[in-house]
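Undergrad: Under our numbering, the letters of the sequence shown match residues 31 to 98, in that order. Don't be surprised by glycine CBs; every beta carbon is placed ideally from N, CA and C. As the structure is a computational prediction, the values presented were derived from the model and not from experiment. Questions regarding the structure given below will be posed in turn.
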Amino acid sequence: MPQTEAELEQKLIERLTGLGYEPFTLRNAEDLKANLKTQLEKHNHIKLSDTEFKSILNHLDKGHCVYL
Numbered sequence: 031m032p033q034t035e036a037e038l039e040q041k042l043i044e045r046l047t048g049l050g051y052e053p054f055t056l057r058n059a060e061d062l063k064a065n066l067k068t069q070l071e072k073h074n075h076i077k078l079s080d081t082e083f084k085s086i087l088n089h090l091d092k093g094h095c096v097y098l
């Protein structure tokens, strides 16, 4: 029997939390950007300057892949 979308979503959440990600409520686009920066820094063991993070956002806006 195929899994439902809710089951797939729950498994994804479990996998991400198992990798160290924490649930986060996004209220707006600024929350999304701040959380993205936090997660990139945490999981890549780096500290991004504002200029570096703006460069990443610029690449994402243009549809480029970013590898850190």
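From residue 56 to residue 36, what does the alpha carbon distance come to, in whole angstroms?
TA: Position 26 of the sequence shown, counting from 1, holds the residue named residue 56. Position 6 of the sequence shown, counting from 1, holds the residue named residue 36. C-alpha separation (whole angstroms): 19 Å.
Undergrad: For residue 63, tell me which candidate among 84, 44, 53 has the shortest Cα-Cα distance.
TA: Sequence index remark: in the sequence shown, residue 63 carries index 33 (1-based). Of 84, 44, 53, the residue nearest in Cα terms is 84.
Undergrad: Measuring straight from C-alpha to C-alpha, what distance separates residue 86 and residue 54?
TA: Your numbering for residue 86 matches position 56 in the sequence shown. Your numbering for residue 54 matches position 24 in the sequence shown. So the two alpha carbons sit approximately 21 Å from each other.
Undergrad: Hey, residue 70 and residue 78 are a contact pair by Cβ (cut 8 Å); roughly how many whole angstroms apart?
TA: Taking the first residue of the sequence shown as 1, we reach residue 70 at position 40. Taking the first residue of the sequence shown as 1, we reach residue 78 at position 48. The Cβ separation is near 6 Å, so the contact holds.
Undergrad: Let's see if you can read the secondary structure: which residues bound the alpha helix (DSSP H) around residue 42?
TA: Along the sequence shown, one-based indexing puts residue 42 at 12. Segment 35 to 48, the alpha helix (DSSP H) holding residue 42.
Undergrad: Which residue comes first and which comes last in the alpha helix (DSSP H) that contains residue 27?
TA: Any answer about residue 27 is impossible in this case: the structure gives the chain only from 31 up to 98.
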